[in-house]
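The sequence shown maps to residues 11 to 633 in my numbering. Ideal placement from N, C-alpha and C gives every residue a C-beta, glycine not left out. If you're wondering where the values come from, they're calculated on a predicted model, not measured in any experiment. Comments concern the structure below.
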Amino acid sequence: MNLVSPRAIAIIGAGPRGLSTLERLVAQLDPARDHVTIHLIDPHPPGGRVWQAGQNANLLMNTTAGDATLYLDETVETRHPRPPGLDLYTWAQHIDEHVAAELIDAGLRAEIAALRPVTSVSRRLYGIYLGWAFTEISSRIPDGCRVVVVPHSATRLRRTVQAEVVSLSNGEELMVDAVVLAVGHTDAEHSIEVQNAISAARQGDWLYVPPGQPAEQDWSAVAPGENVIVRGLGLNFFDTMAMLTLARGGRFVARGESRLEYLPSGQEPVIWAGSRRGVPFKAKAIVEERLPAQVRRYPDGHALQQLWVLRGRLDFDSDIWPWIRKEALWQAALVELGDGDPVAVADLTRSFDAEAGSRTPDLDKVRADFGLELHFDPERSADPLGGKEFGSVEDLSGWTRAWVEEDLDQARRAILSPVKEGDRAIGSARAWVFPLASYGGLPGTSYRRRFEGWYAGYANSLAGGPPALRLAQLAALIEAGVVRMLGAGLRVSVDEQGPLASSASLPGVEIRGSVLVEARLADSDITRTTNPLLRSLLDEGRCRPYRLPSLDGSTQDASGFEVTEKPFHLVEADGQASGRVFAIGIPVGPHVGTSFTAFARSNSVFLRQTDAVAEAALKLTRG
């Protein structure tokens with residue numbers, strides 16, 4: 011046993027949240043009175059499992075270089091010091107001042123040379139940034155304090171009268187005053203559906219790739235020319251697409267100013283892709299600098315305050331979505347109208363204001379009064395394939411390619427596109443909707459079916475879509491026949507012969523594959539976790555799953571930890587808050603948006619959360 015005397019804090023998880031918590035602790039330490047040891051516990055330090063610097067260069071992060079940061083800027087609300095730090099873009103411009111030359115290969119130098127603030131970067135470059143940030147943060151530790159990297163897994167927490175004891179995978183134990191759980195994505199027991207697919211693949215000698223981190227999958231097991239059915243068209247789909255094409259020697263070359271052509275290596279499989287919606291996430295706007303924030307009009311401050319009064323009794327469809335829809339239509343109409351006639355702009359806004367509450371004016375009248383086409387349709391944008399049927403895979407793939415190219419055209423127009431600005435309003439609404447829905451703000455059924463089951467994914471697909479480059483690559487791969495689309499309402503059955511795919515978009519068509527890829531991460535359901543620490547916390551009553559309250563008094567599972575509101579104490583099985591254990595990020599249940607990263611110049615919720623946790627943890631070391 012290696013018990014360290016208290017006046018110590020354990021951060022379990024060295025990913026972005028863990029490192030941000032470390033930065034906040036170091037910033038808040040008082041050299042005159044604090045003598046604290048901070049243990050950073052992670053088998054993959056620093057940066058964590060997802061952001062390892064050695065991973066394939068074709069895997070991109072979804073945050074742009076100018077937005078990615080671990081440091082508080084002047085926009086972040088805090089009462090604590092905010093030492094200056096660098097966002098990823100600024101750091102990369104002087105990479106040789108920050109990182110040893112042997113860590114920067116030719117590929118990374120080429121990436122950095124082409125980098126712009128609005129460029130999405132490789133995950134390995136972000137991993138190197140996290141490593142530098144750890145070194146920079148550690149260099150600021152005051153005399154009498156220290157940071158200790160523990161390159162092992164935490165397996166158990168044991169409470170004593172005055173401390174928490176952290177058991178490690180190497181058999182050692184650490185005694186600490188406070189524990190911050192920043193574990194991120196962890197593995198879980200497979201669902202029945204996944205177990206059935208694994209069993210069928212073993213019996214039939216075909217390949218099944220279950221949910222997981224794309225960087226950790228064995229893509230070499232997929233043979234050239236195989237029919238690969240990919241279930242899911244979100245961000246993991248684009249990782250899968252890159253690993254089965256670019257990572258196998260394929261190349262994209264420019265054809266004109268707006269198109270790419272794919273030059274195959276001959277090592278590619280045939281990718282058959284579909285999902286519930288049947289279309290990929292939309293592209294981010296193609297811009298040279300960060301877009302100015304939209305100024306929200308609906309709901310205004312008074313209306314939003316009224317919604318907060320109704321928390322616990324809200325219905326998403328009747329109380330929240332109409333406000334989002336009104337704002338999105340107003341933003342789209344403003345862009346189409348243009349700003350050349352201030353009187354017309356004021357009249358248009360008055361026509362929306364004149365409708366009580368969240369009601370939207372008659373759109374045909376708006377079109378007639380202001381000479382607008384107003385093609386933007388918030389509901390149709392969410393379900394572009396709804397009700398459409400195609401006679402062949404070729405027809406559906408051609409339609410999808412045209413849809414992607416139209417989205418890219420809109421992305422090039424950026425803030426001049428009514429569609430992109432309407433979409434952006436739907437995504438931006440997360441800033442007020444997510445806090446409103448958190449901690450029981452939306453009752454269980456409405457939360458589960460309409461908020462979590464529809465809006466959250468829809469909004470994330472608009473606000474957190476892939477870089478436009480990925481959509482251009484997809485269009486080229488469809489044209490080359492490497493990717494073939496299966497459309498919406500995807501159904502996949504499995505037997506010993508392999509996966510068999512069909513969809514609502516292709517009635518009567520079935521595709522037999524020899525590989526099935528689940529293009530998603532494992533569920534963050536702590537009741538099925540295989541992480542030893544989380545499993546022990548659950549089994550020993552040190553935590554409990556969050557349950558969504560419903561209007562009838564019943565509750566529904568929400569998969570994640572239950573935590574208090576800020577500073578996010580873990581709630582134990584008896585309903586009491588753990589005095590010394592905090593949890594942030596995935597897999598926390600009550601608050602929404604736990605997967606979001608820190609964004610520079612945005613009063614980042616991520617950074618405010620780690621700031622609050624650090625403050626509370628440090629207080630415990632001061633008695």
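The count of Cβ pairs closer than 8 angstroms, one atom from the stretch 388-407 and one from the stretch 256-274, stays below three, leaving the stretches out of contact. Rounded to the nearest whole angstrom, the C-alpha separation of residue 481 and residue 488 is 11 angstroms.
In this structure, the CA atom of residue 223 is about 32 angstroms from the CA atom of residue 626. DSSP, reduced to helix, strand and coil, places residue 535 outside both helices and strands of the structure shown, so it counts as coil. Around the Cβ of residue 113, a 10 Å sphere holds fewer than 16 other Cβ atoms; the residue is exposed. Cβ contact annotation for residue 45 (same chain, cutoff 7 angstroms, sequence separation greater than five): 17, 154 and 155, in chain order.
A contact is defined here as three or more CB-CB pairs under 8 angstroms, and the stretch 119-133 meets this definition with respect to the stretch 293-305. Counting the other Cβ atoms within 10 Å of the Cβ of residue 413 gives 16 or more, which makes it buried.
Within its own chain, the residues whose Cβ lies closer than 6 angstroms to the Cβ of residue 99, once the five positions on either side in sequence are excluded, are 75, 76 and 127, listed in chain order. Put simply, the backbone Cα of residue 349 is about 13 angstroms away from that of residue 380.
DSSP places residue 566 in the strand class (E or B) of the three-state scheme. Residues 188, 189, 190, 191, 573, 577, 578, 579, 580, 623, 626 and 627 of the same chain have their beta carbon placed closer than 8 angstroms to that of residue 592, with the five preceding and five following residues left out of the count. Here residue 347 is buried: its Cβ has 16 or more other Cβ atoms, across all protein chains shown, within 10 Å. Residue 487: member of the alpha helix (DSSP H) spanning 478-490, first to last residue. Taking a contact to require three or more Cβ pairs closer than 8 angstroms, the stretch 171-184 and the stretch 465-482 do not qualify as touching.
For residue 278, the secondary structure class from DSSP, reduced to helix, strand or coil, is coil. Residue 421 sits in a helix when the DSSP states are folded into three classes.
With contacts defined as CB atoms closer than 7 angstroms, residue 334 and residue 439 qualify as a contacting pair. The beta carbons of residue 57 and residue 141 sit closer together than 7 angstroms. Counting C-beta atoms within 10 angstroms of its own C-beta, residue 279 has 16 or more neighbours from the protein chains shown and is therefore classed as buried. Note that the C-beta distance between residue 85 and residue 613 is below 7 angstroms. Sixteen is the threshold: when 16 or more other Cβ atoms of the shown chains lie within 10 Å of the Cβ of residue 528, as they do, the residue is buried. Taking the C-beta atoms as reference points, residue 157 is found nearer than 7 angstroms to residue 48.
Taking 7 angstroms as the cut-off, the beta carbon of residue 245 is found no closer than this to the beta carbon of residue 231.
Looking at the DSSP output, residue 348 shares a beta bridge with no other residue.
In its chain, beyond the 5 residues on either side, 361, 362, 364 and 365 have a beta carbon closer than 8 angstroms to the beta carbon of residue 371.
By alpha-carbon distance to residue 210, the top candidate from 560, 120 and 504 is 504.
Assignment of residue 66 by DSSP, reduced to helix, strand and coil, places it in the coil class. Residue 322 counts as exposed, since fewer than 16 other C-beta atoms from the protein chains shown sit within 10 angstroms of its C-beta.
DSSP places residue 144 in the uninterrupted alpha helix (DSSP H) bounded by 133-148. In this model, residue 220 and residue 543 are separated by some 23 angstroms (Cα to Cα). A contact between stretches requires three or more CB pairs, one per stretch, nearer than 8 angstroms, and the stretch 412-429 fails this requirement with the stretch 508-522. The continuous beta strand (DSSP E) containing residue 555 extends over residues 555-559. DSSP links residue 508 through a beta bridge to 505. With respect to the C-alpha of residue 66, the residue from 132, 28 and 121 having the closest C-alpha is 132.
Per DSSP, reduced to three states, the secondary structure at residue 524 is coil, with no helix or strand assignment.
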